[in-house]
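Student:
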Amino acid sequence: MSATPAPTQGAPAPSARIAVPDWVRGIRPGVALAGLVVAFFVVAMIVPSLLTSHDPYAVNLEETLRSPSWAHIMGTDQSGRDLYARIVYGARESLLIGLGATALGMAIAIVLGTLAGLGNKWVDGIIGRGVEVMFAFPILLLALLFVAVFGPSVTTEIVAVGLGTAPGYARMVRGQVLAVRDSGYVEAARALGHPYGSIVRRHIFPNAMRPLVVVMTLGVGQSIVWASGIAFLGLGVPPPSPEWGALLNAGRNYITQAWWLEVMPGLAIVVFSLSLTTLGRFLQKRLEGGISR
Amino acid sequence: MATYAEPTGGATAIGVKPRRGPWVKRIAWRVLGAIFVLWAAATFVFFVQQLLPGNQATLILNEQTGNQQSYTAKQLAPTEAKYGLDQPVLTQYWDYIKGLAHGDLGKSYTQHKSVTSIIGEQVGPTLVLTITALILAWILALATILFTSRRRKVVSSLGSGWEIFSAGLPYYWLGVILLVVFAIELKVFPVQGGTSLEGLVLPALTLAIPLAGFIGQVTRDEFEKVLDQPFVTSARARGMGDLAVRVKHVLRHSVLPAITLSGWALGALISGAVIVENVFARPGIGNMIVGAAEHRDVPLVSGVVMLVAFIYVISNILVDIAYAIVDPRLRG
Amino acid sequence: MRTHIAIFAAVAMAVLLAVGLSACGGSSATGAGGGSTDGSSSGSSSDVPGATAASTNVVGTEGATKPTTTPKPGGTIHYAHEMETPCLTGGWIQEAYIERQYADSLVSMEKGGKIVPWLATSWKTTPDHLTWTFTLKPGVKFTNGEPLDAKAVVDNFYAWLNPETINPTVQTYIGEYFQSAKVINPTTFQLKLSKPYAPLLPVISQGYFGILSPSTYKGGAETVCNEPIGSGPFIVQKWTHGQNITFVRNDNYNSAPQNALHQGPAYAEKLIWSYVDDPTTRYGSLTTGQSNVIYDVPGPDWATAQNEFEVQQYITPGRPDTLDLNTVNGPFKDQKVREAFAYGADREAAVASAFEGKTPYNGNGALSQTTPNFNANLEDTWPYNPEKAEALLDEAGWKKNGDGVREKDGKPLDILLIYGANSIITNEGATVLQDLQAQWKEVGFNVTLKPLAFAELFAAEYTKPTSYDATIGYWTSPSAGVMLITWRPWNGKEPNAYNSPFYNDPHLIELIEKGNASFTEADKDKYYGEAQEIVTKKVAAVVGVYTQETTLAVEPNLKDVWLEASQGEPVFSDAYFEGEG
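Residue numbers (our numbering), protein chains in the order written: chain A, 76 to 368; chain B, 13 to 344; chain C, 257 to 837.
Laid out in structure tokens, this is it:
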């Protein structure tokens, strides 16, 4: 059991039973669990020292490659560093890479999607083709092209993942903008003679962006998975950084001798992205409910 | 590692909504669009290459000799001439596009050979891997759905839970675990399988499992909707067995969205192949491109990227055709 | 509702998986280190560093023993190597390994350093050591049928130094000594040098000096790179990039070196030389029987490999993996800071831990312990002594601030340490650096590790005094004369990318050149010995860490794979499968 991040141990979210406000009542154990996992990693990102007393960089040559135990719940690595502490401290860089890439992808998508949704046939057509072109570049290959040209770095990772995820978001933004643009209340505002600019600003834009919160939630997990894949290939953050992808890359060499070095960071990524997906879906349901009014 | 987090992410959005109309015209239109996409992709790739810092001829020479030195302009001149680096950028661009039209992807900086021939040597195993994985993913996904959808709550929850979980599994992690468990510890499959059939199993499974989860998620929703359709009820009323109903009627109607996704998935699968080939030391363009990126062999990396863009475009046209076949309403 | 349960099921699966893994993996955990390294690696002379090496010219190598049974020819040897090189010839040790398979050199080095005949059956030199006359074995042919005569050999010398087909390693060795080469008769050629060069024979015994057919050089750089033709025991049949090289037996081979275990064609019909970067997969390919031999036994598997396979280790002579400190720019301009850096971390313990006992520590920063004329007195020059390190830094004016990092004039003691990732510094080497980094931090150095990808090294972006504070790397060589390569001045007129500490010292060069012109061991020991002392101790420009090496693990029924003595190039021409036909 020591294998999973701590919060999953205290799983069955008691708050769901107490059920005070309405919005809490709908939260199921799976979602609560996911919420706890995400909360755990957000804490890890902001104040990692709350979650572990070990120094993630402290080398101890007397205790290298120890399997998980009470002293080191996820074991130690080839330099005797506490793996749990490294995963906790690695959350910051990993999450920032994920957030950065998603933010970049989303920013590109909002610009392109909004223009396409509000522009005339030609603008829409050109952007549509452009997005189609972007789809032709799978994220990882785009990343490798960038690595070949600019050399491996965190920036390369973020830009590649951001650009790679942008076209999907762009289509979605466009769809949202179109839906809102053609909706009854925008038509009504137009009929009332509101200036177009203010309609866009006050009605179309905010309404179209709302569902993107959900997509962001889903996207961060995915971006982390992609970015750590690049690092896994040895083209990401260099050691001794405890970034999760870097941990995966370092762990490969010890997979037969010290499985935990590969399994645990991978598990952190899987559990975290799965939890984000869960939360995202939950939010999506809630928001859809809200919009259908 | 397209851990396929959520269909609403990149994926479903891609499916070009099938337009009605004579399908010949539609396909012709698609081909035209495809050529545009390839041209734009090539332009992008070309200009990204131009951003390469440092002197390309120095890089080529040092790679060749295993050196780390600088050269004088005179020493660099022959290499620059050989790779056309002494030409103005627009001339280089025109030559590049012209070359592409003839299937010429340029010359590798490290192997001093035509990129097209290098890719030609390596692409076979990758195609075998991705196509096997795609088929395997469909089999896994359909089997899971047929047997778990709308069954007892526990069963169907396990089924869809598995789909969510497996769709989120990163290739590198799944691959390493399968490798250690089945190849190194249990010795059921070879560790270094080359292009042999036994060597294909673990890499293909690694690629297929997350994709199956993803296809499953998309198809399951559709499948359950169709199960409620009147014609299904009437088929049951005619005394048709449950499995027969599911296979003959429901499946056919519920796989449409997933077929669209398969076209997209092929691109994602090649991304995945990069990781999987790396994990299993399997030959192919995926394994090659990582080395090429490390060596800054830009023409080789670009060549693979262009090839994948080409595959993406072709597979989307094929998906269109598949759509027309599965959905009779679209037949012209 | 249903989806919530599904999600719960998914999360539960993740947790179950974790539990399952931790349950089944617990027993396999082993403590680090402890495994004996020298026990079963038969014949490795690496275990006595220093003691004998300096005086008796010992080169650590796997001894070739005469076969006990009559080998049966046939079979395919599957060899899993690590790094793929851009070319099949060239100046890299990795390329020398390959060249050894398809090309012959003029002479061969025996374990112990003695030079024995190969393509050259005999040689003599004039008393001034400026003219060397080599007699070649008659009737040798390249595998394309061209004759390997004096003309071909002379062509090789000129091709090595021709800018079109240059071999940079050959050039750095003999470029400044070579004057001319000429044909005397079809089996005799003469080499004229501009000054005496004692390391000549050991140097030309290396794989880089393999003799290629004149037509190969006529084909230009691409042919030399991709389709070289030699006269060796194997012929390059096909090179599938990213995968393997297929060698087939040269059935007409009759020019094995004198120290080979047998004359005539190789026993094995084929040699598949595949590239498996990932150490786990490489070792796995051996344990599952897909490879018969693997290169670079991974540290984590070193101990178990000793029990299950024939393990060979060759400690490469030349410059070991050494920290080069930038003597002209940044904090290391100050010798006290360099000394503090050397004292500041326990290099010996870090090497022992990261390599799990496999690879020896090498304190001498100039030469590795198996190099002839190695100065063993320098091994303990800079023992781990954090107090001394702190005192030296205090003296140099670097004071600790609140974070424990030292500062001087408001500038923190930041050290940028660059290294070539994977191919040059292995994973274990990178672990050593991380372990040292943590200890340096305690005495107040803020060290940043920057692994460089291949291309970054090759783009020559990191060869300037402003590029780094420290770097680490090796330069393999069978002779102490390699110091001339690594310490030639790096001034603007003749930049020397191999002089990584940027240390220019005419007296040092004079000593090394005297060593290169010495033909007695006593003289060599004296001159080379003092040169080593200057760079390691007197100016502390280099700080030794560990030795470069070749390790092989060979499956038990494959006999007589051996590592040659000049560079640890694996030799497969004597190898045969026991009990197979």
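No residue lacks a Cβ here, since even glycine has one placed at the ideal position from N, Cα and C.
Quick caveat: nothing in here was measured; it's all calculated off a predicted structure.
Please name the residues in the region 479 to 500 of chain C whose beta-carbon is closer than 8 Å to at least one beta-carbon of chain B, in chain order.
Tutor: Correct list: Cys481, Asn482, Thr496, His497, Gly498 and Gln499.
Student: Would you identify the three-state DSSP class for alanine 686(C), choosing helix, strand or coil?
Tutor: Helix at alanine 686(C).
Student: Suppose only complete runs of 3+ residues qualify. What are the beta strand (DSSP E) ranges in the region 145 to 217 of chain B, listed by chain order?
Tutor: Listed in chain order, there is nothing to give.
Student: With DSSP as the reference, label alanine 437(C) as helix, strand or coil.
Tutor: Here alanine 437(C) sits in strand by DSSP.
Student: Under 8 Å between C-beta atoms, does isoleucine 130(B) make it to chain A?
Tutor: For isoleucine 130(B), the answer is no, since every Cβ of chain A falls outside 8 Å of its Cβ.
Student: How is the beta strand (DSSP E) around glutamine 153(A) delimited, first residue to last?
Tutor: Premise fails: glutamine 153(A) is in no beta strand (DSSP E) and is neither H nor E.
Student: Could you pull out every residue in the same chain whose Cβ sits closer than 8 Å to the Cβ of glycine 287(C), ignoring the five residues on either side in sequence?
Tutor: For glycine 287(C), the predicted model reports a pLDDT of 31, less than 50, meaning its position is unreliable; a value from the coordinates is still stated below. If we look at glycine 287(C) and ignore the five residues flanking it on each side, it has no Cβ neighbours.
Student: Please report how far the alpha carbon of serine 142(A) lies from the alpha carbon of tryptophan 335(A), in whole angstroms.
Tutor: For serine 142(A) and tryptophan 335(A), the distance between alpha carbons rounds to 7 Å.
Student: Which whole runs of the alpha helix (DSSP H) in the region 326 to 358 of chain C are 4 residues long or more, in chain order?
Tutor: Whole alpha helix (DSSP H) segments, 4+ residues: 349 to 358.
Student: At the level of alpha carbons, what is the spacing between tyrosine 244(A) and isoleucine 233(A)?
Tutor: Taking the straight line joining both Cα atoms gives about 16 Å.
Student: In the DSSP assignment, find the unbroken alpha helix (DSSP H) run with glutamate 262(A) in it and report its ends.
Tutor: Per DSSP, glutamate 262(A) belongs to the alpha helix (DSSP H) from 259 to 266.
Student: Indicate whether at least one CB of chain A lies closer than 8 Å to the CB of isoleucine 147(B).
Tutor: Answer no: the Cβ-Cβ gap between isoleucine 147(B) and chain A never drops below 8 Å.
Student: Jot down the residue ranges of each uninterrupted alpha helix (DSSP H) in the region 508 to 572 of chain C, minimum 4 residues, whole runs only, in chain order.
Tutor: Complete alpha helix (DSSP H) runs here, min 4: 535 to 543 and 558 to 564.
Student: Are the C-beta atoms of threonine 536(C) and some chain A residue less than 8 Å apart?
Tutor: Closer than 8 Å: yes.
Student: For leucine 255(B), which of Leu268(B), Ser169(B), Val57(B) and Arg162(B) has the nearest alpha-carbon?
Tutor: When only C-alpha atoms are compared, the closest one is Arg162(B).
Student: Quick one: Cα of phenylalanine 322(B) to Cα of alanine 211(A), how far?
Tutor: Spanning the two alpha carbons is a distance of roughly 8 Å.
Student: Taking DSSP as the reference, what is the three-state secondary structure of proline 314(A)?
Tutor: Note: proline 314(A) maps to coil in three-state DSSP.
Student: Is there a C-beta anywhere in chain B that falls below 8 Å from the one on arginine 327(A)?
Tutor: Answer yes: the Cβ-Cβ gap between arginine 327(A) and chain B drops below 8 Å somewhere.
Student: In whole angstroms, what is the alpha-carbon distance linking aspartate 659(C) and glutamate 643(C)?
Tutor: Spanning the two alpha carbons is a distance of roughly 18 Å.
Student: Identify which residue in Gly613(C), Ile681(C) and Cys481(C) has its Cα closest to the Cα of lysine 706(C).
Tutor: Residue Ile681(C) is the option with its Cα nearest to lysine 706(C).
Student: May I ask you to list the residues that DSSP assigns as paired with threonine 704(C)?
Tutor: Leu672(C), per the DSSP bridge assignment.
Student: Ignore the nearest five residues each way along the sequence and tell me which others in serine 679(C)'s own chain have a CB closer than 6 Å to its CB.
Tutor: Correct list, in chain order: Met339.
Student: If you draw a straight line from the alpha carbon of proline 745(C) to that of isoleucine 501(C), how long is it in whole angstroms?
Tutor: Rounded to whole angstroms, proline 745(C) to isoleucine 501(C) spans 39 Å at the Cα level.
Student: Kindly confirm or deny that the region 510 to 525 of chain C and the region 274 to 282 of chain B touch, where touching means at least three C-beta pairs closer than 8 Å.
Tutor: No, because fewer than three Cβ pairs between the region 510 to 525 of chain C and the region 274 to 282 of chain B fall closer than 8 Å, the two stretches do not touch.
Student: Check whether chain A comes within 8 Å of serine 82(B), counting only Cβ atoms and requiring the distance to be less than that.
Tutor: No, its Cβ sits nowhere closer than 8 Å to a Cβ of chain A.
Student: Terminal residues of the continuous alpha helix (DSSP H) containing glutamine 446(C)?
Tutor: It is not in any alpha helix (DSSP H) - glutamine 446(C) instead sits in the beta strand (DSSP E) that spans 444 to 449.
Student: Report all residues from its chain with a CB closer than 7 Å to the CB of isoleucine 274(A); omit the five preceding and five following residues, and keep chain order.
Tutor: Once the five neighbours on either side are set aside, the close Cβ partners of isoleucine 274(A) are Val261, Ala264 and Arg265.
Student: I think leucine 102(B) touches valine 310(B), with their Cβ atoms under 8 Å apart; what is that distance to the nearest whole Å?
Tutor: Their Cβ separation, rounded to whole angstroms, is 18 Å, which puts leucine 102(B) and valine 310(B) out of contact at 8 Å.
Student: On a CA-only basis, which of Tyr335(B), Pro215(B) and Ile329(B) is nearest tryptophan 41(B)? Give me that one, please.
Tutor: Answer by Cα proximity: Ile329(B).
Student: Restricting to Cα atoms, I'd like to know which of Lys720(C), Ala559(C), Val396(C) and Phe465(C) is closest to proline 521(C).
Tutor: Per the Cα distances, Val396(C).
Student: DSSP on alanine 114(A), reduced to helix/strand/coil?
Tutor: The answer is helix: DSSP assigns alanine 114(A) an H, G or I state.
Student: Less than 7 Å between C-beta atoms, sequence neighbours within five positions excluded: which residues of the same chain meet that for histidine 261(B)?
Tutor: Cβ neighbours of histidine 261(B) beyond the five flanking positions: Phe243, Val244 and Ala247.
Student: Given that a residue counts as buried once 16 or more other Cβ atoms are within 10 Å of its Cβ, and exposed if not, what is lysine 196(A)?
Tutor: Result: exposed.
Student: What does leucine 814(C) touch in chain A if you count any residue whose Cβ is under 7 Å from its own?
Tutor: What leucine 814(C) touches in chain A: nothing, since even the nearest Cβ is about 23 Å away.
Student: By the criterion of Cβ-Cβ separation under 8 Å, what are the contact partners of glutamate 340(C) in chain B?
Tutor: Those are Gly303, listed as they occur along chain B.
Student: With threonine 230(A) as the anchor, note down where its beta strand (DSSP E) starts and where it stops.
Tutor: No beta strand (DSSP E) contains threonine 230(A), which is instead part of the alpha helix (DSSP H) from 229 to 256.
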